[in-house]
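Everything on this sheet refers to the single structure shown next.
Protein chains in written order, with our numbering: chain U, 160 to 484; chain X, 160 to 484.
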């Protein structure tokens, strides 16, 4: 993994992925007590940054391999990113999704032309299911994070952050990244190491799913005991990736652990101040900036708002429970 | 009014206004039966395109005139745009707002440092109030639409649309613009006349507030009988502007009149498909594209999603009443 792979991915993504805006608001700065910048990846195609990694990986396959189709396992955002990337390449996609994934994500993945196969998160191993299907049908497995081309694709978000921060005169900041398996976190950290070396990436996780934070402390890959049941479904994995963890360990600052309810509060703030729809996992970095600023340093904080695939019911709950100031 | 004034405004807005993205979604194309492109002005500073006109007008004042302060009358979005532009210039702002304006807009305007004066929409004349205050305190009146520098500022949105459409290969399209007094509509029409002459601007208005549509038919400025009570509060004016109407009459295609409920449906679609928060008046152009396509022609339609300053209660009502497909 190196910066050249991220730059090559950025070239393949040119004209395909959106250069999402970097938003700010004086009202939000006031809540946080510092300047807050939000990289609005919820505005990315399919509603999350995952389209970057999906396109990067699918476009990197040799044409004759790609034509047989691709397969992915995902709670929903990677699913949609891979499904759309496959459709735009004109190749079939099979997506293995947990039965308790949000309905909207399952429906969207199907509507994007993918064949969806549901599995039981507690009793089945999605990696085994994915590998078996891949072999049986000659499909290329697009892993959600432990794959160089996927990490490179997510890293393009970091290249944009470096450029957009420079445009507004920011060289030094904590960069908060929601963290599941670590694909986005490690890709962005690699990009910023080169392009904005005074920025420090901080993984953000929900309480009870803080495997990355604990792993960074212990220096080895720790696991969560729970496998699901978080409203931050998009960023729940059992442990950091084999490939992503060494990168995070080398490049990232300490993790930040945030109660789920703070994600709902941040959703309400993003609604009223950025006019942006975020899902709980997509709001967790903003939640850290707003409500856990004592763990940050410096004048500026950049938060990746990684996704907005949320059911209306959950969104309404956030607005009603936490009316925005 | 001419294109050079819009280009000059664009230069003054450089680094101040956001270049908002032009979004699309295969799901939305399917509902509309053609390619739909959404210019996401809800992501503009203060949550609507009005910051463009506000900054343009305030920045065009001579420094010694500007220093005495500015005044504006507005149901809320122009208020916030002018208030922020004044604050960023370090000069005082007085905003005259109707008593029934959304609470959020009044609060935001105050929080942006402006002095807010409330009036009764049915029994008082906001223009008279504004003019009297302006004279008494030496303030410069920033009109909401009938002012060249305001029209020029809104027109910068048209310059961006022309450039962004060209980037994705679109030269010909109907461009749907929510229309109150006609500042945005006439500014965008002027910009596109020069920069994308095969595009045709179509004003969009709510049922019962179709003064512009009727004026374009009759060739003279018609008035609405109702003065308020629309959920599209941002785009309700009594009649088209003296300055904006001749421009619209010369440059625009026929108006489109949309039931209010369609705006709520479009809000729900923008929530699930674009991850964008829109207010009813800001969703009306998208509503026209989605549900009144028989009045359009051609493969592409571009909709300005002009603002997102909506109370949580109204937003929740839209999501609950019209679950997005």
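Beta carbons: idealized from backbone N, C-alpha and C, even for Gly.
Cα-Cα separation between residue i and residue j, rounded to whole angstroms
i: residue 379/U; j: residue 338/U; result: 16 Å
i: residue 202/X; j: residue 184/U; result: 11 Å
i: residue 250/X; j: residue 270/X; result: 15 Å
i: residue 448/X; j: residue 359/X; result: 14 Å
i: residue 350/X; j: residue 292/X; result: 33 Å
i: residue 312/U; j: residue 286/X; result: 54 Å
i: residue 489/U; j: residue 300/U; result: The first residue shown for chain U is 160 and the last is 484, placing residue 489/U beyond what the model contains.
i: residue 253/U; j: residue 408/U; result: 33 Å
i: residue 290/U; j: residue 297/U; result: 10 Å
i: residue 436/X; j: residue 474/U; result: 12 Å
i: residue 178/X; j: residue 343/X; result: 16 Å
i: residue 329/X; j: residue 472/X; result: 37 Å
i: residue 414/U; j: residue 345/U; result: 13 Å
i: residue 281/X; j: residue 225/X; result: 31 Å
i: residue 248/U; j: residue 444/X; result: 32 Å
i: residue 267/U; j: residue 216/U; result: 20 Å
i: residue 385/X; j: residue 477/X; result: 24 Å
i: residue 315/X; j: residue 348/U; result: 36 Å
i: residue 175/X; j: residue 257/U; result: 45 Å
i: residue 302/U; j: residue 305/X; result: 56 Å
i: residue 421/U; j: residue 399/U; result: 23 Å
i: residue 284/U; j: residue 295/U; result: 17 Å
i: residue 479/U; j: residue 274/X; result: 29 Å
i: residue 390/X; j: residue 465/X; result: 15 Å
i: residue 317/X; j: residue 242/U; result: 34 Å
i: residue 262/U; j: residue 279/U; result: 15 Å
i: residue 362/U; j: residue 403/U; result: 12 Å
i: residue 115/U; j: residue 272/U; result: Missing from the structure shown is residue 115/U; chain U here goes from 160 to 484 and no further.
i: residue 395/U; j: residue 340/U; result: 8 Å
i: residue 166/U; j: residue 352/U; result: 13 Å
i: residue 377/X; j: residue 160/X; result: 23 Å
i: residue 260/X; j: residue 232/X; result: 12 Å
i: residue 210/U; j: residue 374/U; result: 27 Å
i: residue 446/U; j: residue 227/X; result: 40 Å
C-beta neighbour in chain X for residue i, strict 8 Å
i: residue 202/U; result: yes
i: residue 258/U; result: no
i: residue 428/U; result: no
i: residue 434/U; result: yes
i: residue 467/U; result: yes
i: residue 206/U; result: yes
i: residue 482/U; result: yes
i: residue 172/U; result: no
i: residue 479/U; result: yes
Short CB-CB distance (under 8 Å) between residue i and chain U
i: residue 475/X; result: yes
i: residue 210/X; result: no
i: residue 471/X; result: yes
For the stretch 323-337 of chain U against the stretch 461-479 of chain U, are there 3 or more C-beta pairs whose distance is under 8 Å? yes
Quick one: complete beta strand (DSSP E) runs, 3+ long, within the stretch 340-394 of chain U? 358-365
I'd like the ranges of any beta strand (DSSP E) spanning at least 3 consecutive residues and lying wholly in the stretch 383-459 of chain U. 415-417
For the stretch 177-198 of chain X, list every residue whose C-beta sits within 7 Å of some C-beta in chain U, in sequence order. 177, 180, 182, 186
Where are the alpha helix (DSSP H) runs, 4 residues long or more, that stay fully inside the stretch 163-240 of chain X, in chain order? 185-191, 209-219, 222-225
Okay, do the stretch 425-434 of chain X and the stretch 316-334 of chain X touch, 3+ Cβ pairs below 8 Å being the bar? no
Does the pairing of the stretch 231-250 of chain U with the stretch 205-213 of chain U give three or more beta-carbon distances under 8 Å? yes
When you check each C-beta in the stretch 255-285 of chain X against every C-beta of chain U, which residues fall closer than 8 Å? 263, 267, 270, 271
Near-chain U residues of the stretch 403-431 of chain X - C-beta to any C-beta below 9 Å: 427, 429, 430, 431
Give the list of continuous alpha helix (DSSP H) stretches no shorter than 4 residues that lie fully inside the stretch 457-482 of chain X. 471-480
Which runs of the alpha helix (DSSP H) spanning at least 4 residues fall entirely within the stretch 286-346 of chain U, listed in chain order? 307-326
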